[in-house]
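**Q**
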């Protein structure tokens with residue numbers, strides 16, 4: 008009798024466990040399917056990526072990950088990470104999954120990039136201090152250095168003030184150091200654009216992927232800035248348009264060259280991203296006096312923008328993605344050029360080991376090269 012009761016209890020427990028696992032798997036599959044569908048419908052550069060010949064590779068990836076998830080070979084966070092990382096590592100560093108697993112995967116990629124730039128870190132990882140601070144000072148009698156660690160609002164005043172300090176100096180050359188600057192707001196560069204502009208150029212076009220989810224980005228901005236005529240008119244235009252993409256605008260080239268500066272340099276590294284890359288794109292397109300210096304490409308957030316986060320329905324993992332894509336995305340060959348923007352001048356030195364408020368060897372090398 009006791010044996011029968013035990014078997015009955017065991018059968019109930021097994022059935023309950025199976026039901027629990029089944030419900031959990033169902034929720035994970037729902038989240039995965041939602042993620043895939045959401046990216047395909049809302050992620051701005053998705054169509055461009057498929058047009059570049061990656062359709063078969065993408066279909067194979069999403070089917071394989073769903074099968075692994077369904078068979079219990081991976082969990083949701085791992086499947087979602089591998090899915091998003093496929094876009095992140097090849098085409099656009101803006102797209103991210105807000106999860107620990109994804110963060111670890113990106114950190115591993117970053118560490119590999121650092122070691123690739125400086126192999127001595129494998130044997131001598133110490134003496135490595137990266138904490139860039141705002142700097143505005145002479146490098147020598149001809150050259151002024153402005154270091155901008157971030158384009159976030161907290162750094163806006165120091166960035167504007169640094170430019171004013173250069174303008175009243177006797178220096179004719181300018182180095183703008185944006186290594187390790189991960190972005191923020193493009194508006195910090197407005198005075199810099201005016202200073203570095205030399206000639207008109209075919210403006211880049213930004214396209215907004217017109218979906219209800221993506222429009223939330225502009226509606227939330229309008230709540231913060233209710234007086235913004237641009238945001239209000241854009242929302243109205245998108246809501247009345249049946250087009251899949253709506254032109255957001257073209258970059259402004261109605262500027263006049265100035266003679267205040269003789270030569271300029273933008274100093275980049277693999278962590279120069281997003282709004283910091285906007286300055287790099289500008290000088291590539293509109294400046295003759297300014298060259299981009301570095302030992303590698305920028306980060307790779309330069310061709311997308313206006314990002315928002317969408318939570319998955321069950322796990323609430325967030326997908327951070329771009330709602331706009333630049334025309335340059337369609338023109339770029341990612342397989343040969345890689346992510347980011349390449350320097351005009353490659354600095355023949357190892358990666359910086361210390362960057363705080365100091366003038367390091369890379370800055371000194373650029374200052375000398377500008378005098379040639």
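In our numbering, the protein residues as written are 8 to 379.
In this text, a Cβ means the ideal position worked out from N, Cα and C, and glycines have one as well.
Every value quoted in this text rests on a predicted model; they were computed, and no experiment measured them.
Can you check which of these residues, 334, 189, 288 and 363, is closest to residue 137 by C-alpha distance?
**A** Locating residue 137 in the chain shown gives position 130, counting from the first residue. Answer by Cα proximity: 363.
**Q** From the DSSP output, in three-state form, read off residue 337 for me.
**A** Residue mapping note: residue 337 aligns to position 330 of the chain shown, counting from 1. Here residue 337 sits in helix by DSSP.
**Q** In whole angstroms, give me the CA-to-CA distance for residue 168 and residue 325.
**A** Along the chain shown, one-based indexing puts residue 168 at 161. Along the chain shown, one-based indexing puts residue 325 at 318. Near 37 Å, if we compare the C-alpha coordinates of residue 325 and residue 168.
**Q** Look at the alpha carbon of residue 14 and the alpha carbon of residue 41, and state the distance between them as a whole number of angstroms.
**A** The count along the chain shown starts at 1 and reaches residue 14 at position 7. The count along the chain shown starts at 1 and reaches residue 41 at position 34. Confidence in residue 14 is poor, its pLDDT being 48 and thus under 50, which makes the residue's placement unreliable; the coordinate value appears in the next sentence. A direct Cα-to-Cα measurement between residue 14 and residue 41 gives close to 40 Å.
**Q** Does residue 184 pass the burial test, meaning 16 or more other C-beta atoms within 10 Å, or should it be called exposed?
**A** Counting from 1 along the chain shown, the entry for residue 184 is found at position 177. Label assigned to residue 184: buried.
**Q** Excluding five sequence neighbours on each side, which residues of the same chain lie with their C-beta closer than 7 Å to the C-beta of residue 369?
**A** Counted from its first residue, the chain shown places residue 369 at position 362. Cβ within range, chain order: 274, 354, 356 and 359.
**Q** Compare the beta carbon distance of residue 6 and residue 188 with 8 Å and say whether it is the shorter of the two.
**A** Lying outside 8 to 379, the shown extent of the chain, residue 6 is not represented and no answer is given.
**Q** Could you have a look at residue 151 and say whether DSSP puts it in helix, strand or coil?
**A** Within the chain shown, numbered from 1, the residue matching residue 151 stands at position 144. Under the three-state reduction of DSSP, residue 151 is assigned to strand.
**Q** Could you check what DSSP says for residue 214 in three-state terms: helix, strand or coil?
**A** Position 207 of the chain shown holds residue 214. Correct three-state label for residue 214: strand.
**Q** Look up residue 60 in the DSSP assignment and say whether it is helix, strand or coil.
**A** Working through the chain shown from its first residue, we reach residue 60 at position 53. Helix at residue 60.
**Q** If you follow the beta strand (DSSP E) that residue 298 is part of, which residue opens it and which one closes it?
**A** Against the chain shown, residue 298 aligns to sequence position 291. It spans 297 to 301 - the beta strand (DSSP E) in which residue 298 sits, taken as one unbroken run.
**Q** Select from 308, 315 and 96 the residue whose C-alpha is nearest the C-alpha of residue 280.
**A** By one-based count along the chain shown, residue 280 stands at place 273. Among 308, 315 and 96, the Cα nearest to that of residue 280 is on 308.
**Q** I need the boundaries of the alpha helix (DSSP H) containing residue 317, first residue and last residue.
**A** The residue given as residue 317 occupies position 310 in the chain shown. Note, residue 317: premise wrong, no alpha helix (DSSP H); beta strand (DSSP E) at 311 to 318.
**Q** Assuming residue 153 contacts residue 181 under a Cβ cut-off of 8 Å, what Cβ separation, rounded to an integer in Å, is found between them?
**A** By one-based count along the chain shown, residue 153 stands at place 146. By one-based count along the chain shown, residue 181 stands at place 174. At roughly 7 Å, the Cβ-Cβ gap stays under 8 Å, so residue 153 and residue 181 are in contact.
**Q** Under a Cβ-count criterion, where at least 16 other Cβ atoms within 10 Å of its own Cβ denotes burial, should residue 342 be classed as buried or exposed?
**A** Here residue 342 refers to the residue found at position 335 of the chain shown. Taking every protein chain shown into account, the CB of residue 342 has fewer than 16 other CB atoms within 10 angstroms, so this residue is exposed.
**Q** Using the three-state DSSP reduction, which class does residue 332 fall into: helix, strand or coil?
**A** Position 325 of the chain shown, counted from the start, is the residue given in the question as residue 332. Residue 332: strand per DSSP, three-state reduction.
**Q** Alpha carbon to alpha carbon, how far is residue 249 from residue 365?
**A** Here residue 249 refers to the residue found at position 242 when the chain shown is read from its first residue. Here residue 365 refers to the residue found at position 358 when the chain shown is read from its first residue. Distance between the alpha carbons of residue 249 and residue 365: 53 Å.
**Q** Quick one: using the 10 Å Cβ neighbour count with 16 as the cut-off for buried, is residue 44 buried or exposed?
**A** For this step, residue 44 is matched to residue 37 along the chain shown. Exposed is the call here.
**Q** Step through the CB atoms of chain B and report whether any lies within less than 8 Å of the CB of residue 200.
**A** Among the chains of the structure shown, chain B does not appear; only one protein chain is present.
**Q** Between residue 245 and residue 231, which are expected to be in contact by the criterion C-beta below 8 Å, what is the C-beta distance as a whole number of angstroms?
**A** Mapped onto the chain shown, residue 245 falls at position 238. Mapped onto the chain shown, residue 231 falls at position 224. Not a contact, Cβ separation roughly 18 Å.
**Q** Between the C-alpha atoms of residue 267 and residue 171, what's the straight-line distance to the nearest angstrom?
**A** Counting from one through the chain shown, the residue named residue 267 turns up at place 260. Counting from one through the chain shown, the residue named residue 171 turns up at place 164. So the alpha carbons of these two residues sit roughly 12 Å apart.
**Q** Relative to the alpha-carbon of residue 166, which residue among 199, 208 and 299 has its alpha-carbon at the smallest distance?
**A** Residue numbering aside, residue 166 sits at position 159 when the chain shown is read from its first letter. Residue 199 is the option with its Cα nearest to residue 166.
**Q** Can you check whether the CB of residue 348 is closer than 8 Å to the CB of residue 269?
**A** Your numbering for residue 269 matches position 262 in the chain shown. Your numbering for residue 348 matches position 341 in the chain shown. Cβ atoms of residue 269 and residue 348: not closer than 8 Å.
**Q** Could you pull the start and end residues of the alpha helix (DSSP H) that residue 242 belongs to?
**A** In the chain shown, the residue the question calls residue 242 occupies position 235. Looking at the DSSP string, the run of the alpha helix (DSSP H) that includes residue 242 is 236 to 247.
**Q** Could you check if residue 240 is buried or exposed, using at least 16 other CB atoms within 10 Å of its CB as the buried criterion?
**A** Indexing the chain shown from 1 puts residue 240 at position 233. Exposed, since its Cβ has fewer than 16 Cβ neighbours within 10 Å.
**Q** Can you say whether residue 178 is buried or exposed, counting buried as having 16 or more other CB atoms within 10 angstroms of its CB?
**A** Sequence index remark: in the chain shown, residue 178 carries index 171 (1-based). Classification of residue 178: buried, given that the 10 Å Cβ count is 16 or more.
**Q** Could you tell me the boundaries of the alpha helix (DSSP H) in which residue 165 lies?
**A** Translated into the one-based positions of the chain shown, residue 165 becomes position 158. Taken as a continuous stretch (DSSP letters only), the alpha helix (DSSP H) holding residue 165 covers 163 to 174.
**Q** Just to confirm the assignment, what range does the alpha helix (DSSP H) spanning residue 2 have?
**A** Because residue 2 is not part of the residues shown, which for the chain are 8 to 379, the question remains open.
**Q** Tell me the DSSP secondary structure of residue 87 in three-state form.
**A** Within the chain shown, numbered from 1, the residue matching residue 87 stands at position 80. Helix at residue 87.
**Q** Taking C-beta to C-beta, are residue 193 and residue 282 nearer than 8 Å?
**A** As a first step, residue 193 must be located in the chain shown, where it is residue number 186. As a first step, residue 282 must be located in the chain shown, where it is residue number 275. Yes, the Cβ-Cβ distance between residue 193 and residue 282 is below 8 Å.
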